[in-house]
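Chemist:
Numbering (the working numbering), first residue to last: 1 to 389.
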């Protein structure tokens, strides 16, 4: 007469949930084994009521619920039917089982406690390690009929087959974009939700995707794995190296409509346009001085703080930025890397070569507002203005 408690297992009298999906057995195998000694046989009505009340209190204490006693019991009973009681404190994602929450939490902590004995690669979950070990054993039980590629899991093969068939069954509700794997759709949804669950452990900056966090970490490590084959200059990202190659190829695709100057990158053209517009959108909070670039404000602010983080080991002179120190070091070592193609004169800095080239081109970009006389340098205009005073 207790149909609601499930049928009894013939081997040991254990109640079985008739609604339980067979595919869940692997997930619950360990927890079922651990709970054998805690299970009791069918209880009387009074014992059942007492036992349920006790279990409600225990479970809800663990999940830190704030509802009243009557709602607590309802909540736990609903939990038995599929409610997700265990919430992540970092991203509010919820889970049916505490073990699943524990596994998920490792995404935020970066913990990977399960290590491979062969290659020492580590994993967040034990089942992921088990799958990985099959790579070393050479076991791939499921093969693609199209290309012969082997897979450990049947579900991975099914997802792979969709690449051949073009099937994309998982659609984004926000933008309609479709994907061949549900996991890719899940990652894509962060674009719309703004969820940034991957946090840098050094500066606490947050990112939507783990691969972007990985790129960001190079900022802190100083690693530059991408090296130019022409000049051996190193870069932290492959995209930056690709843009740099334009220096050697001479490719410049972005042209200024005002003066015809061309640039390798669109962002550089955008910055250049401020020369013509006179726009200086970034201001110093201390003295109000305006700048074309935000980075200039950051450097300028150090002058108010009296902070000069980079000092010359030869003469002790301090510089606000590392680039200033590097330029200064050329004075000591005699390096003049920028040479004129016309007269072979060399210079410490690129800007000095740029100014020098006006001698050959005859360019005089700076004019007197009173008499209209033109000059090669802005400082010459300042000196000239004294003649009008």
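Don't be surprised by glycine CBs; every beta carbon is placed ideally from N, CA and C.
Hey, how far is the Cα of residue 262 from the Cα of residue 150?
Modeler: Each residue's alpha carbon lies about 50 Å from the other.
Chemist: If you reduce the DSSP assignment to three classes, tell me which class residue 142 lands in.
Modeler: Strand.
Chemist: With a threshold of 8 Å between beta-carbons, can residue 245 be considered close to chain D, or not?
Modeler: In the displayed structure, chain D is absent; only one protein chain is listed.
Chemist: Looking only at C-alpha atoms, which of 138, 141 and 103 sits nearest to residue 126?
Modeler: The option with the nearest alpha carbon to residue 126 is 103.
Chemist: Just checking my contact of residue 356 with residue 347 at CB under 8 Å: how many whole Å lie between their CB atoms?
Modeler: Correct: roughly 7 Å between the Cβ atoms.
Chemist: To the nearest angstrom, how far is it from the Cα of residue 219 to the Cα of residue 132?
Modeler: Going from the Cα of residue 219 to the Cα of residue 132 covers about 31 Å.
Chemist: Apart from the five residues on each side of it in sequence, which residues of its chain come closer than 6 Å, Cβ to Cβ, to residue 171?
Modeler: Counting only Cβ-Cβ distances below 6 Å, and skipping sequence neighbours, we find 178.
Chemist: What does the alpha-carbon distance come out to for the pair residue 152 and residue 122?
Modeler: Roughly 18 Å between the two C-alpha positions.
Chemist: Pull up the distance between the alpha-carbon of residue 173 and that of residue 352, whole angstroms please.
Modeler: Cα to Cα, the separation comes out at about 56 Å.
Chemist: DSSP state of residue 177, grouped into three classes?
Modeler: Reduced to three states, the DSSP call for residue 177 is coil.
Chemist: If residue 226 and residue 241 are in contact, beta carbons under 8 Å, what's the gap, nearest whole angstrom?
Modeler: About 4 Å separates the two Cβ atoms, so the contact holds.
Chemist: According to DSSP, is residue 381 helix, strand or coil?
Modeler: The answer is helix: DSSP assigns residue 381 an H, G or I state.
Chemist: Residues bridged to residue 182 by DSSP?
Modeler: Note: residue 182 sits in no beta bridge, so no partner.
Chemist: Between which residues of its own chain and residue 199 is the CB-CB distance below 6 Å, once the five residues before and five after are set aside?
Modeler: If we look at residue 199 and ignore the five residues flanking it on each side, its Cβ neighbours are 206.
Chemist: Roughly how many angstroms separate the alpha carbons of residue 223 and residue 236, rounded to a whole number?
Modeler: Whole-angstrom Cα-Cα distance: 6 Å.
Chemist: Per DSSP, which one or two residues make a beta bridge with residue 92?
Modeler: DSSP, once it has assigned bridges, lists no residue as partnering residue 92.
Chemist: First and last residue of the alpha helix (DSSP H) that includes residue 323?
Modeler: Residues 322–333.
Chemist: Measuring alpha carbon to alpha carbon, tell me which residue in 256, 371, 257 and 264 is nearest residue 248.
Modeler: The shortest C-alpha separation from residue 248 is found at 264.
Chemist: Just the Cα atoms here: how many angstroms apart are residue 135 and residue 144?
Modeler: Taking the straight line joining both Cα atoms gives about 17 Å.
Chemist: Can you check whether the CB of residue 269 is closer than 8 Å to the CB of residue 256?
Modeler: Closer than 8 Å, so yes.
Chemist: How many Å lie between residue 324 and residue 228 at the Cα?
Modeler: Cα to Cα, residue 324 sits roughly 23 Å from residue 228.
Chemist: Around the C-beta of residue 146, are 16 or more other C-beta atoms found within 10 angstroms, so that it is buried, or is it exposed?
Modeler: It is exposed - the Cβ of residue 146 has fewer than 16 other Cβ atoms within 10 Å.
Chemist: Under three-state DSSP, which class holds residue 105?
Modeler: In the structure shown, residue 105 sits in a helix (DSSP, three-state: H, G or I).
Chemist: Any idea what DSSP makes of residue 122, helix, strand or coil?
Modeler: DSSP places residue 122 in strand when its eight states are reduced to three.
Chemist: Taking C-beta to C-beta, are residue 391 and residue 328 nearer than 8 Å?
Modeler: Since the first residue of the chain shown is 1 and the last is 389, residue 391 is not available in this structure.
Chemist: Any idea what DSSP makes of residue 306, helix, strand or coil?
Modeler: Here residue 306 sits in coil by DSSP.
Chemist: Whose C-beta lies closer than 8 Å to the C-beta of residue 215 among residues of the same chain, with five residues either side of it excluded?
Modeler: These residues qualify, in order along the chain: 236 and 237.
Chemist: Between the C-alpha atoms of residue 140 and residue 129, what's the straight-line distance to the nearest angstrom?
Modeler: Approximately 15 Å between the Cα atoms of the pair.
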